[in-house]
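Report on the structure given below.
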Ligand SMILES: [Cu+2]
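Residue numbers (this note's numbering): 952 to 1242.
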């Protein structure tokens, strides 16, 4: 076998040029601008994913994914077949992403320029974070298509927000024992996956919707019969501080004496037995002072 040195050098050159060209082309058709690393995104908020075209192609549509594993996936579908829009070089494309209940400090987004021929991709340059908003606790609605709330019993502090996140569709959140809505909160008709419903359990909410021991039962209308029920338990730092001014004093005593007697669900009924009585008075006197 005899190969001319000139021919071998020329083929290597061609191969190198082809390789260099395809590597450049694969990177450069589409560029993901946001999120591109370092962002802190809150569950339930809306973030605008942005990308632009660097080299035009025979564009068909756009696809988006996210990964909590790495910049090479595996990928979870974010949205498929977004309309192509402008295929011009420099055109900017966006998608408003409702941040899912995926709390993770290492998340990537990938965009695909889905062409009639070769597809092109770009990925966030660095990971970003997904967190819960401050003083927020989350309940997953229908996790993995299971007709349950997760967790079904949630203890929270006064002023916390409860965020229900629909992991699957066809559910709703209605306060009260099953099929007995009490009007404290109601997410409305059954909703699709990705829906977010929030309730702030502050003093005003508790006063407007008093429940014994500040325990709030709720249910999903279509699935309550199958056990899709939940409970929010608001744990007050100091139940005897009826006025919520950070102190148990004469004002709270007056409030307690003013509602003396049968008083189901009222704030002065600290022990939740339906009566404001000597037991509640003893509890109030026992925590007299700053609280
Ligand atoms: Cu349900």
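For every residue, glycine included, the Cβ atom is placed at its ideal position computed from N, Cα and C. All values reported here derive from a predicted model rather than from experimental measurement.
(message) What would DSSP say about residue 1148, mapped onto helix, strand or coil?
(response) Within the chain shown, numbered from 1, the residue matching residue 1148 stands at position 197. Residue state, collapsed to three classes: strand.
(message) Suppose contacts are defined by Cβ-Cβ distances below 8 Å. Is residue 1013 in contact with residue 1061 by that definition?
(response) Working through the chain shown from its first residue, we reach residue 1013 at position 62. Working through the chain shown from its first residue, we reach residue 1061 at position 110. No. Outside cutoff.
(message) Taking the straight line between their C-alpha atoms, what separation do you get for residue 1063 and residue 1073?
(response) Along the chain shown, read from residue 1 onward, the residue named residue 1063 stands at position 112. Along the chain shown, read from residue 1 onward, the residue named residue 1073 stands at position 122. Cα to Cα, residue 1063 sits roughly 7 Å from residue 1073.
(request) Would you please state the rounded distance, in angstroms, between the beta carbons of residue 1117 and residue 1145? I believe it to be under 8 Å. (result) Here residue 1117 corresponds to residue number 166 of the chain shown, with the count starting at 1. Here residue 1145 corresponds to residue number 194 of the chain shown, with the count starting at 1. With 8 Å as the limit, residue 1117 and residue 1145 qualify as a contact, their Cβ atoms being about 6 Å apart.
(message) Can you tell me whether residue 1186 is buried or exposed? The criterion is at least 16 other CB atoms within 10 Å of its CB, across all chains shown.
(response) For the purposes of this step, residue 1186 is identified with residue 235 of the chain shown, where counting begins at 1. Exposed.
(request) Report buried or exposed for residue 991, applying the criterion of at least 16 other Cβ atoms within 10 angstroms of its Cβ. (result) For this step, residue 991 is matched to residue 40 along the chain shown. It counts as exposed.
(request) Could you tell me if residue 1004 is buried or exposed, where buried requires 16 or more neighbouring beta carbons within 10 angstroms of its beta carbon? (result) Counting from 1 along the chain shown, the entry for residue 1004 is found at position 53. By the neighbour-count rule (16 or more Cβ atoms within 10 Å), residue 1004 is buried.
(message) Taking contact to mean 3 or more Cβ pairs, one atom from each stretch, closer than 8 Å, check whether the stretch 1076–1083 and the stretch 1142–1157 are in contact.
(response) no
(message) On the criterion of 16 or more Cβ atoms from any shown chain inside 10 Å, does residue 1201 qualify as buried, or is it exposed?
(response) Here the question's residue 1201 lines up with position 250 in the chain shown. Residue 1201 is exposed by the Cβ-count criterion.
(request) Note down the Cα distance separating residue 1052 from residue 1205, rounded to an integer number of angstroms. (result) For the purposes of this step, residue 1052 is taken as residue 101 along the chain shown, with counting starting at 1. For the purposes of this step, residue 1205 is taken as residue 254 along the chain shown, with counting starting at 1. Computed Cα separation, rounded: 45 Å.
(message) Could you compute how far the alpha carbon of residue 1241 sits from the alpha carbon of residue 1110?
(response) Taking the chain shown and counting its residues from 1, one reaches residue 1241 at position 290. Taking the chain shown and counting its residues from 1, one reaches residue 1110 at position 159. If you take the alpha carbons of residue 1241 and residue 1110, they lie about 19 Å apart.
(request) Evaluate contact between the stretch 1095–1111 and the stretch 1174–1188, counting only Cβ atoms and requiring at least three cross-stretch pairs below 8 Å. (result) yes
(request) State the DSSP-derived secondary structure class of residue 1038, mapped to helix, strand or coil. (result) Here residue 1038 corresponds to residue number 87 of the chain shown, with the count starting at 1. Residue 1038: coil per DSSP, three-state reduction.
(message) By DSSP's criteria, residue 980 is part of a beta bridge. Which residues make up the other side?
(response) The residue given as residue 980 occupies position 29 in the chain shown. Its beta-bridge partners do not exist; DSSP assigns none.
(message) Run through the DSSP bridge pairs and tell me what residue 1181 is partnered with.
(response) Residue mapping note: residue 1181 aligns to position 230 of the chain shown, counting from 1. Note: residue 1181 sits in a beta bridge opposite 1169.
(message) Just to confirm the assignment, what range does the alpha helix (DSSP H) spanning residue 1234 have?
(response) The residue you call residue 1234 lines up with position 283 of the chain shown. 1229–1237 is the extent of the alpha helix (DSSP H) around residue 1234.
(message) Using the Cβ count rule (16 or more neighbours within 10 Å means buried), how would you classify residue 1230?
(response) Position 279 of the chain shown, counted from the first residue, corresponds to residue 1230. Classification for residue 1230: exposed.
(request) Would you mind stating whether residue 993 and residue 1082 have Cβ atoms separated by less than 8 Å? (result) Reading the chain shown from its first residue, position 42 is the one you call residue 993. Reading the chain shown from its first residue, position 131 is the one you call residue 1082. Contact: yes.
(request) Please say whether residue 1150 and residue 1136 have beta carbons closer to each other than 8 Å? (result) Walking along the chain shown from the start, residue 1136 turns up at place 185. Walking along the chain shown from the start, residue 1150 turns up at place 199. Against a cut-off of 8 Å, the Cβ pair of residue 1150 and residue 1136 comes out as a contact.
(request) Report whether the distance from the Cβ of residue 1098 to the nearest heavy atom of ligand 1 is below 7 Å. (result) Within the chain shown, residue 1098 is the residue found at index 147, counting from 1. Result yes, Cβ under 7 Å from ligand 1.
(message) Could you check whether the Cβ of residue 1173 sits closer than 7 Å to any heavy atom belonging to ligand 1?
(response) Residue mapping note: residue 1173 aligns to position 222 of the chain shown, counting from 1. Result yes, Cβ under 7 Å from ligand 1.
(message) With the cut-off set at 8 Å, would you say residue 1199 and residue 1212 are in Cβ contact?
(response) Position 248 of the chain shown holds residue 1199. Position 261 of the chain shown holds residue 1212. Going by C-beta atoms, residue 1199 is not nearer than 8 Å to residue 1212.
(request) Taking residue 1008 as the reference, give the member of 1071, 1215, 1126, 1173 with the closest Cα. (result) For this step, residue 1008 is matched to residue 57 along the chain shown. Looking at the Cα atoms, 1071 is the closest of the given residues.
(message) Using a Cβ-Cβ cutoff of less than 7 Å, which residues in the same chain neighbour residue 1217 once the five nearest sequence positions on both sides are dropped?
(response) One-based indexing of the chain shown puts residue 1217 at position 266. 1161, 1210, 1227, listed in sequence order.
(message) Which same chain residues end up closer than 6 Å to residue 973 when comparing Cβ atoms and leaving out the 5 residues on each side of it in sequence?
(response) Translated into positions along the chain shown, residue 973 becomes position 22. Low confidence applies here, because residue 973 scores a pLDDT of 45, under 50, leaving its location unreliable; read the following figure in that light. There are no such residues.
(request) With DSSP collapsed to three states, give me the class of residue 1157. (result) Looking up residue 1157 in the chain shown gives position 206. Helix.
(request) Measure the alpha-carbon distance for residue 1057 versus residue 1047 and round it to whole angstroms. (result) Taking the first residue of the chain shown as position 1, residue 1057 is located at position 106. Taking the first residue of the chain shown as position 1, residue 1047 is located at position 96. Looking at the two C-alpha atoms, the distance is approximately 20 Å.
(message) Under 8 Å, with one C-beta from each stretch per pair, do the stretch 1025–1033 and the stretch 1095–1107 reach the 3-pair mark?
(response) no
(message) Using the Cβ count rule (16 or more neighbours within 10 Å means buried), how would you classify residue 1177?
(response) Taking the chain shown and counting its residues from 1, the one referred to as residue 1177 is at position 226. Counting Cβ neighbours within 10 Å, residue 1177 comes out exposed, since fewer than 16 surround it.
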